[in-house]
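S.K.: Going by my numbering, the sequence shown opens with residue 28, and the numbers climb by one from there.
No residue lacks a Cβ here, since even glycine has one placed at the ideal position from N, Cα and C.
Remember, predicted model here, so these are calculated numbers, not experimental data.
To start, I am sharing the structure in question, which I have written as structure tokens.
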Amino acid sequence: MRKKISALLSSCTLLLLSVLIVTAQTNCAALLDDALFAVEDNCGDTGRNEACYGFDQVEASFISTIDDTTFSQPTDLAPVADIASIRTAPLNLEQGTWGVAVMNLQADLPDTLPGQTVTFILLGDVEVENAVDPADAFDPADGIDVTVTATNGANIRSGPGLTFNVIGGAPTNNTLVADGISEDGGWLRIAYRERPAWVSLDVIADDDAIAELPTLSPDLRTPMQAFFLRTGIGQPECNEAPDDILLVQGPEDIEVSITVNGADINLGSSGALRLVEEDGVFFLEIIVFDGVFETGGQTVTAGQSTRMPLGTAEDVSGLDGEDNELVVIGPASEPITIDLQEFGLDWCAVGDLPPAILNYGIEVNCDGEEPPVFTTNTGTGTSGTNTTSTDGTSPVTSVEDVDCSAFSILTTSFPSNVFTLSWTPAVGADEYHVALFDESGFNSRTITDITDTSVVVNGGEGFAGTGSVHVRAYLNDEYVCFTQVGFTRAPDPQEPVGGYDGNSRNISVSITCFIYGGGDDYSIEVTWSNATAPIDIFVQNNSAFSEELSGTVNLFTGSPQPPGVVILTGDQTLEFTCTNFIEGNL
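Right under this line is the structure:
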């Protein structure tokens with residue numbers, strides 16, 4: 028009888044335990060949903076250089092005395108410049124708490140791009156301590172108008188020097204907005220197509236106000252651009268919750284810099300930072316969701332992670348008054364590929380973060396989702412070894428239809444202008460696309476509809492520096508796999524200041540001028556080919572931008588008679604005037 032009672036009690040205990048586990052998981056999922064919904068509502072309007080109290084519990088210490096109501100409940104905002112440290116609470120199902128806070132930082136983004144921020148989201152047991160003393164914080168300039176004077180216009184580059192590629196151009200007498208000077212004093216930082224860019228002082232009109240602009244050295248830091256990070260290192264109470272992390276996301280396709288526990292990190296993407304422990308040693312771990320992180324001598328791409336060892340150091344402290352900082356004491360480890368399918372089981376909540384608090388959505392493979400497999404060439408100047416990996420840009424076609432195992436780039440030389448790119452086939456693919464990227468991840472060239480395994484690439488005179496080229500294989504218009512290779516290109520030694528004379532280039536342009544309704548409406552059709560860079564077309568206040576190096580665009584100009592057409596590419600300026608008009612029908 029006693030045995031039967033014991034067996035019955037054991038069965039009841041297991042049943043009760045199972046019920047408790049299921050209930051806890053259900054409560055956990057509900058808590059996470061409630062928290063993320065609340066954060067979207069509470070912090071959707073967080074401005075630049077502001078911190079938002081997202082969900083219970085969030086603690087903060089300030090540099091100076093505050094009143095009792097400052098940053099005390101969800102929806103509260105505070106300037107990041109006033110914060111010494113901010114900490115969010117770990118997941119606690121019993122108390123129904125899971126700390127979430129949002130910070131939008133300026134970092135090294137210029138004031139001339141006011142809508143762009145670096146977003147920090149603290150999830151769970153996370154503390155961020157400000158390491159930028161208010162007395163040392165950089166205050167970016169508002170910017171001044173400068174005028175292009177060079178006869179051939181000005182090249183717009185991705186960095187301050189001839190080793191950076193040309194990403195656009197500005198015609199003579201065009202006005203640009205500059206907010207800083209390079210360390211060597213030869214270049215101005217400007218805002219161009221919603222991203223920072225640079226133009227040579229040699230092509231800009233003299234202006235006394237230029238001398239008042241700040242010198243933009245790498246050691247400048249705005250509030251909270253440098254900080255010390257501490258996170259929990261245990262597992263959360265339920266499977267639905269991600270580990271305790273600081274999520275960091277810059278503006279899409281723009282590289283920004285931050286300093287974390289003494290380590291400088293350049294990022295043009297989304298990733299997670301956390302502390303991990305291994306054999307009694309603490310590490311700062313970086314996990315990249317999309318784009319690229321660069322730190323400690325390593326480049327970490329989507330679906331990879333790296334670690335840097337942490338230790339103590341004298342005379343290193345943040346602003347909270349506590350002498351407990353860990354600093355990076357060694358280089359970053361060789362990046363490793365993450366099993367994103369397994370990774371997504373515990374991190375699905377990251378993919379559920381509301382778009383209102385992000386610069387753009389993040390994709391994380393969740394429980395039950397099978398991420399497709401693709402091949403990537405890991406070479407850095409020659410064809411490399413193909414390995415299988417996964418990331419947020421995974422193909423949507425099964426690789427069973429295409430053999431990508433030998434898909435790799437054969438070209439090893441990348442001159443400063445025109446070169447032939449060739450690759451081994453992805454057997455079964457019916458089309459290829461080629462894309463060139465500069466060192467910041469900006470897509471500077473794209474060629475589509477390639478059915479052969481080679482193509483002539485006109486990179487554009489003046490394109491220089493490091494970057495990468497991708498060849499993507501398609502089947503039935505569906506992305507299958509890709510191979511990539513890094514390269515370094517020297518600047519064109521013959522390029523004059525301000526770029527080449529457009530009349531000496533091989534671009535072909537024709538315009539057709541239309542008149543409608545007896546002279547009440549006008550339009551101009553522009554057709555071009557052989558452009559060396561994406562083009563801008565200006566007619567009055569009407570402009571069109573195209574990544575394509577050939578095509579047609581029609582711009583309505585209204586009344587009266589339309590003026591000339593200005594066409595800009597990365598290295599040339601062409602002007603046309605309408606003299607003959609064709610009768611059109613609206």
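The beta strand (DSSP E) spanning V226 covers which residue range?
M.R.: For the purposes of this step, residue 226 is taken as the residue at position 199 of the sequence shown. Note, V226: beta strand (DSSP E), R222 to S227.
S.K.: Per DSSP, what kind of secondary structure is V159 in: helix, strand or coil?
M.R.: Here residue 159 corresponds to residue number 132 of the sequence shown, with the count starting at 1. Three-state result, V159: coil.
S.K.: Hey, is the region 173-180 in contact with the region 195-208, meaning 3+ C-beta pairs nearer than 8 Å?
M.R.: yes
S.K.: Provide the residue(s) that pair with D291 in DSSP beta bridges, ordered along the chain.
M.R.: Working through the sequence shown from its first residue, we reach residue 291 at position 264. In the DSSP output, where bridge partners are listed per residue, D291 has T286.
S.K.: With DSSP as the reference, please indicate the residues paired to A253 in a beta bridge.
M.R.: Position 226 of the sequence shown, counted from the first residue, corresponds to residue 253. Bridge partners of A253: T286.
S.K.: Where does E352 sit, in a helix, a strand or coil, going by DSSP?
M.R.: Within the sequence shown, residue 352 is the residue found at index 325, counting from 1. Of the three classes helix, strand and coil, the one that applies to E352 here is coil, per DSSP.
S.K.: Quick one: Cα of F608 to Cα of G578, how far?
M.R.: Stepping through the sequence shown from its first residue, residue 608 is reached at position 581. Stepping through the sequence shown from its first residue, residue 578 is reached at position 551. Their backbone Cα atoms lie some 21 Å apart in a straight line.
S.K.: Verify whether the separation of the beta carbon atoms of P336 and I314 is less than 9 Å.
M.R.: Counted from its first residue, the sequence shown places residue 336 at position 309. Counted from its first residue, the sequence shown places residue 314 at position 287. Contact flag unset, no.
S.K.: Which runs of the beta strand (DSSP E) spanning at least 3 residues fall entirely within the region 179-213, listed in chain order?
M.R.: If only complete runs of 3 or more residues are kept, the region 179-213 shows the beta strand (DSSP E) at 181-184, 193-197 and 202-208, in order along the chain.
S.K.: Could you have a look at F630 and say whether DSSP puts it in helix, strand or coil?
M.R.: Any question about residue 630 goes unanswered here, given that the chain covers just 28 to 613.
S.K.: Q331 to W225, Cα distance in whole Å?
M.R.: Numbered from 1 along the sequence shown, position 304 holds the residue referred to as residue 331. Numbered from 1 along the sequence shown, position 198 holds the residue referred to as residue 225. Each residue's alpha carbon lies about 31 Å from the other.
S.K.: What is the DSSP secondary structure of L247, reduced to helix, strand or coil?
M.R.: On the sequence shown, position 220 is the one that residue 247 refers to. Correct three-state label for L247: coil.
S.K.: Do V155 and S112 have their C-beta atoms within less than 9 Å of each other?
M.R.: For the purposes of this step, residue 155 is identified with residue 128 of the sequence shown, where counting begins at 1. For the purposes of this step, residue 112 is identified with residue 85 of the sequence shown, where counting begins at 1. A contact, by the Cβ cut-off of 9 Å.
S.K.: Does the region 305-312 come close enough to the region 380-390 that 3 or more CB-CB pairs lie under 8 Å?
M.R.: no
S.K.: Helix, strand or coil for C55? Go by DSSP, reduced to three states.
M.R.: Counting from 1 along the sequence shown, the entry for residue 55 is found at position 28. The answer is helix: DSSP assigns C55 an H, G or I state.
S.K.: Taking DSSP as the reference, what is the three-state secondary structure of P382?
M.R.: To locate residue 382, count along the sequence shown from 1; it is residue 355. Helix at P382.
S.K.: If you draw a straight line from the C-alpha of T202 to the C-alpha of D172, how long is it?
M.R.: For the purposes of this step, residue 202 is identified with residue 175 of the sequence shown, where counting begins at 1. For the purposes of this step, residue 172 is identified with residue 145 of the sequence shown, where counting begins at 1. Approximately 6 Å, taken between the alpha carbons.
S.K.: In this structure, does DSSP put L43 in helix, strand or coil?
M.R.: Counting from 1 along the sequence shown, the entry for residue 43 is found at position 16. Low confidence applies here, because L43 scores a pLDDT of 35, under 50, leaving its location unreliable; read the following figure in that light. In the structure shown, L43 sits in a helix (DSSP, three-state: H, G or I).
S.K.: Select from Y501, F64, D379 and E121 the residue whose C-alpha is nearest the C-alpha of T102.
M.R.: For the purposes of this step, residue 102 is identified with residue 75 of the sequence shown, where counting begins at 1. The option with the nearest alpha carbon to T102 is F64.
S.K.: Report the three-state DSSP secondary structure of D430 (helix, strand or coil).
M.R.: Taking the sequence shown and counting its residues from 1, one reaches residue 430 at position 403. Residue state, collapsed to three classes: strand.
S.K.: Let me know if A299 comes out buried or exposed under the rule of 16 or more other beta-carbons within 10 Å of its beta-carbon.
M.R.: In the sequence shown, counting from the first residue as 1, residue 299 sits at position 272. With 16 or more Cβ atoms within 10 Å of its Cβ, A299 is classed as buried.
S.K.: Identify every run of the beta strand (DSSP E) within the region 303-349, keeping only runs that are complete inside it and at least 3 residues long; order them along the chain.
M.R.: 308-317, 319-322, 325-328 and 331-338
S.K.: For I363, does the count of other Cβ atoms within 10 angstroms reach 16, so buried, or fall short, so exposed?
M.R.: For the purposes of this step, residue 363 is identified with residue 336 of the sequence shown, where counting begins at 1. Exposed, because fewer than 16 other Cβ atoms sit within 10 Å of the Cβ of I363.
S.K.: Under DSSP, the beta strand (DSSP E) around F89 begins and ends at which residues?
M.R.: To locate residue 89, count along the sequence shown from 1; it is residue 62. Unbroken beta strand (DSSP E) run through F89: V85 to F89.
S.K.: Give a yes or no on whether the C-beta atoms belonging to C431 and A268 are separated by under 9 Å.
M.R.: Within the sequence shown, numbered from 1, the residue matching residue 431 stands at position 404. Within the sequence shown, numbered from 1, the residue matching residue 268 stands at position 241. The answer is no: Cβ separation not under 9 Å.
S.K.: In the DSSP assignment, find the beta strand (DSSP E) that holds G81 and state where it starts and stops.
M.R.: Indexing the sequence shown from 1 puts residue 81 at position 54. Run containing G81: E77 to F82, per the beta strand (DSSP E) assignment.
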